[in-house]
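K.L.:
Pasting in a structure now, in structure tokens, and then I'll have a few things to ask.
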Amino acid sequence: MKIRTFIVDAFTDKPFKGNPAGVCLLKKPIDEQTMQSIANEINLSETDFLTKIKNTEYSIRYFTPTVEVAFCGHATLASAKVLLHVLGKPKVEFNTHHGLKIEALGEGEKIKMKFPLYDTIEYNVKQELYDAFTISNPIATRFAKELQMLLVEVENNEALLALTPDFKKCIQTSDVIKEVVVTTKSRDNEYDFNSRCFCPWIGIDEDPVTGAAHSVLAKYWGDLLGKTEMQAYQSSKRGGHMQLKIINNTELEVVSNAVIIFEGTINI
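Residue numbering for the sequence shown follows numbering that gives the first Met the number 0, beginning at 0 and increasing consecutively.
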């Protein structure tokens, strides 16, 4: 079997920035073990597997090098880039393996998507977790149960950029949390807030740009800033940005770019 495959840098308009994802176009479904093996071979934070249901509707499954995950924003954007700008689809709807429906359409060179919007609850964590992530003086700590994601606000961008987690210790601090997002209000007039995202529990120490995390960050910062439209920047080494618009209590509009840097064929 030959599988048409792409590597796409998402949440950026420049090659080798943003967050890279693998996109595999399947002519027919393949088994989970094979998908996991391919994702391990590609060895990016996520690899998507797309199977066409009808003309503009596709099933989508997300795999890290080690596990399947329920939802991945940057990989969804990468898949939308391939379907909209390579295959020429006017729009696309993704059906995830866990029941989400995600719409995407072109907006010039950019892509507009609808993501779920998640709220958070107050959450107490052990000091060992803060220590493992080198977080001091957190302003707020919240938990999004749908993504098993912990959100921690810190005082400024200097504190955000200074984080140097011990990832082995991080994994030992919780068997409930799968992702920690640390965020702060931006001092840059171009952006409303900055963030960094750490996922050592699923084999990703620091994720370069995390679309799914912004499904939580948008609600958190929207409430704090009194805004429904925001600009966000993820402060990883690669860096990435996106426009956010809260549609209602459950939907978020995300607009950004992606760059295809590789196209080839996997033979299995």
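We put the beta carbon where it would ideally sit given N, CA and C, even for glycine.
Less than 8 Å between the C-beta atoms of VAL180 and GLY210, yes or no?
P.N.:
Position 181 of the sequence shown holds residue 180. Position 211 of the sequence shown holds residue 210. No, the Cβ-Cβ distance between VAL180 and GLY210 is not below 8 Å.
K.L.:
Counting Cβ pairs, one atom from each stretch, are 3 or more of them under 8 Å apart for the region 118-128 and the region 165-172?
P.N.:
yes
K.L.:
Assuming VAL180 is part of the beta strand (DSSP E), what are its boundary residues?
P.N.:
Within the sequence shown, numbered from 1, the residue matching residue 180 stands at position 181. VAL180 -> beta strand (DSSP E) spans 178-184.
K.L.:
On a Cα-Cα basis, can you pick out the residue from ALA103, TYR117 and ASP118 that is closest to ASP111?
P.N.:
Sequence index remark: in the sequence shown, residue 111 carries index 112 (1-based). Contrary to the premise, residue 111 reads as Lys rather than Asp in this sequence. LYS111 has its Cα closest to that of ALA103, out of ALA103, TYR117 and ASP118.
K.L.:
Using DSSP's beta-bridge definition, name the partner residues of ARG60.
P.N.:
The residue given as residue 60 occupies position 61 in the sequence shown. BP columns for ARG60 point to PHE48.
K.L.:
Where does GLU154 land, buried or exposed, given buried means 16+ other C-beta within 10 angstroms?
P.N.:
Here residue 154 is taken as the residue at index 155 of the sequence shown, counted from 1. Exposed, because fewer than 16 other Cβ atoms sit within 10 Å of the Cβ of GLU154.
K.L.:
Among the candidates LYS226, THR264, ILE265 and VAL258, whose CA atom is the shortest distance from the CA of HIS84?
P.N.:
Along the sequence shown, read from residue 1 onward, the residue named residue 84 stands at position 85. Closest option to HIS84, Cα to Cα, is VAL258.
K.L.:
Residues in the same chain with beta-carbon distance under 7 Å from ASP239, minus the five sequence neighbours each way, listed in chain order, please.
P.N.:
The residue you call residue 239 lines up with position 240 of the sequence shown. The identity of residue 239 in the sequence shown is Gly, whereas the question assumes Asp. Correct list, in chain order: PHE10, THR11, LYS16, GLY17, ASN18, PRO207, VAL208 and GLN233.
K.L.:
Tell me which residues share the same chain as GLU152 and place their Cβ nearer than 7 Å to its Cβ, disregarding the 5 neighbours each side in the sequence.
P.N.:
Here residue 152 corresponds to residue number 153 of the sequence shown, with the count starting at 1. Correct list, in chain order: PRO137, ILE138, ALA139, THR182 and THR183.
K.L.:
Assign PHE70 to one of three DSSP states: helix, strand, or coil.
P.N.:
Locating residue 70 in the sequence shown gives position 71, counting from the first residue. Looking at PHE70 - three-state DSSP - the assignment turns out to be coil, as it is neither helix nor strand.
K.L.:
Bridge partners of ALA9, per DSSP?
P.N.:
Indexing the sequence shown from 1 puts residue 9 at position 10. In the DSSP assignment, the residues bridged to ALA9 are ASN18 and ALA257.
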